Every structure is written in C-alpha cells, then in structure tokens.
Amino acid sequence: MSLRICILETDILRPTLAEQYQGYGRMFESLFARQPIAAQFEIYNVMQGVYPPEGERFDAYLVTGSKADSFGTDPWILTLKEYLLELYRRGEKLLGICFGHQLLALALGGKTERASQGWGAGIHHYHLAPAKPWMNPPVEKLTLLISHQDQVTALPEGATVIASSEFCPFAAYHINDQVLCFQGHPEFIHDYSRGLLEILQSTLGDQLYRNGVASLEHDHHGATVAEWMMRFVAHKPETKAL
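Residue numbers (the numbering used here): 5 to 246.
Below you can see the structure in the form of structure tokens.
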C-alpha cells in the first residue's frame, strides 16, 4: 500500500521558474517518483491559507522551502508554526526542507536566524553521522543543492545531527522516529538551481555566483535523500519483547 504524504507548500515560485517547474510540491512529486517506495501526495499551499480538511490523515507531512524567513512574523508563518506544533503533539511524522527544516526546529524549541556565514548557493558537501536504519542506500558524504541565507543555530531538545559542515553545522537532524529535516534541497535539479543562481546573481555577488555555477559540475544525492525520507516515514521502530 502506498504511503500518503501531505506536502505543505510554503512558497510561490518566481514567474521565470514557475512556467517550467510549477511549484515545490510538483518538484517533490517528481523527486519521489524516482525512488522505489510507492507514495501518493496531496499538495496544500499554506502560504495562501490552504490546509488539509479536518480529519484528513497522512503518513507524514512535508514542509517545503520558501523565500520567507522561518523567524518571520507574517500571519501565515505563525499559523503554520502552530499547526506543526499540533501535528507534533499528535505524534504525526514530520519532514522539513530548508525553510521547513528551520521552521520545525523553531517550533519545537530550537533557534533559527540569519547566518553570519552569509549565503550558501549551488552544490554543498556534508559529513554524515553514523547511518540510521532508514539511511539506505548508504553514502560516505552527503552532497545536496542549496540556496539559503538563514540557518538553524540551536537544535530542539532531543534532536540528533545527521549531516554537518563547517558552513552549516546543523544541516540535517532527526528527532527520534518522528521528525526528519534537511537544510539542502533534494528536490532541486541542476537546471533549476542554475536558473535560481541567475535570479540571485546581484544578491549573491560575483564571486559567490561564479562559485555556485561552477559547483553545478558535481552530482548530488537528491534521489538518495528522497529514499531516506520515505524509508523514515515507513520505518517502524523495533519493540522489545517483555
């Protein structure tokens, strides 16, 4: 039986990218179609105030990336933060990417802020902690496409780091078998990242822009992370016999 995943979409793509890529929800659908665990998706743009109907249940809820700041005070952000906290208290499985990674950390007692390291863009490499059962297929180091100027700077209680770098110490974390979050974007593809770099060129500055474009010569583990996420959702912790 397929997993049911609720995608909480937290952005509207820039017009130059939306024509080809539609939105982050559709990009995640395309990503998850490339991994072996069957899943069905429902997309709700919470930025526009659209949420799942009362009583609708899913195997997991995924919060996408966004141009917004996770520590922002826009009403839709505060509403989403409370919604995620309620889902967590209910025991639902939660997945977060970039903005979602940061907002979940913030909602659950951690801290996010504008990073003193500045912008991260293009391909980035991370060291991995010892693998969990759901981190299959295994990789020695994690490589993902990124685009962010904010970071998690303090983890929620009970969170365990699974990916880190000097630039981004809390690049991925999990909380037991309930929460799994990544700062990087597994749903990005090289062409999308290249288009985003072009849009952000004046913001990034010439050197960071050129470094970001050059980094796109490398492959990334987006499909691997997608499989990890679905295995995390499907994973049932072992129970000890009495």
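We put the beta carbon where it would ideally sit given N, CA and C, even for glycine. These numbers were taken from a predicted model, which means no experiment stands behind them.
*Quick one: complete alpha helix (DSSP H) runs, 4+ long, within the stretch 180-218?*
Look at the stretch 180-218 and you find these whole runs of alpha helix (DSSP H), each 4 residues long or longer: 194-203, 205-208.
*Let me know the secondary structure DSSP gives Gly226 once reduced to three states.*
Mapped onto the sequence shown, residue 226 falls at position 222. Here DSSP, grouped into helix, strand and coil, assigns Gly226 to helix.
*Sufficient close CB pairs (3 or more, under 8 angstroms) joining the stretch 88-100 to the stretch 118-127*: no
*Based on the DSSP secondary-structure assignment, which residues constitute the bridge partners of Phe45?*
Walking along the sequence shown from the start, residue 45 turns up at place 41. According to DSSP, Phe45 bridges with Ile9.
*Contact between the stretch 184-191 and the stretch 203-223: three or more CB pairs below 8 angstroms?*
Cβ pair count under 8 angstroms is below three, so no.
*Hey, could you find the ends of the beta strand (DSSP E) Gln155 is sitting in?*
Counting from 1 along the sequence shown, the entry for residue 155 is found at position 151. Taken as a continuous stretch (DSSP letters only), the beta strand (DSSP E) holding Gln155 covers 154-158.
*In three-state terms, what does DSSP make of Glu58?*
In the sequence shown, the residue the question calls residue 58 occupies position 54. Residue state, collapsed to three classes: coil.
*asked:* Going by the DSSP bridge assignment, what does Leu178 pair with across the sheet?
replied: As a first step, residue 178 is located in the sequence shown; it is residue number 174 there, counting from the start. Residue identity differs from the one stated: residue 178 is His in this sequence, not Leu. Paired residues: Thr164, Leu184.
_With the cut-off set at 8 angstroms, would you say Pro160 and Gly114 are in Cβ contact?_
Mapped onto the sequence shown, residue 160 falls at position 156. Mapped onto the sequence shown, residue 114 falls at position 110. Their beta carbons are under 8 angstroms apart, which means Pro160 touches Gly114 by this criterion.
*Three-way DSSP call (helix, strand, coil) for Val237 in this model*: On the sequence shown, residue 237 is found 233 positions in, with the first residue counted as 1. Three-state DSSP puts Val237 in a helix.
*Report the residue from Gly104, Trp138, Gly95 whose alpha carbon sits nearest the alpha carbon of Arg61.*
Counting from one through the sequence shown, the residue named residue 61 turns up at place 57. Arg61 has its Cα closest to that of Gly95, out of Gly104, Trp138, Gly95.
*Quick one: grab the DSSP three-state call for Ala111.*
Residue 111 sits at position 107 when you count from the first residue of the sequence shown. The answer is helix: DSSP assigns Ala111 an H, G or I state.
_So, at 8 angstroms on beta carbons, what are the nonlocal neighbours of Ala227 in its own chain, with the 5 sequence-adjacent residues on each side left out?_
Here the question's residue 227 lines up with position 223 in the sequence shown. The residues are Leu35, Arg38, Gln39, Pro190.
*Straight-line Cα distance separating Glu46 from Glu170*: Sequence index remark: in the sequence shown, residue 170 carries index 166 (1-based). Sequence index remark: in the sequence shown, residue 46 carries index 42 (1-based). One C-alpha to the other measures close to 36 angstroms.
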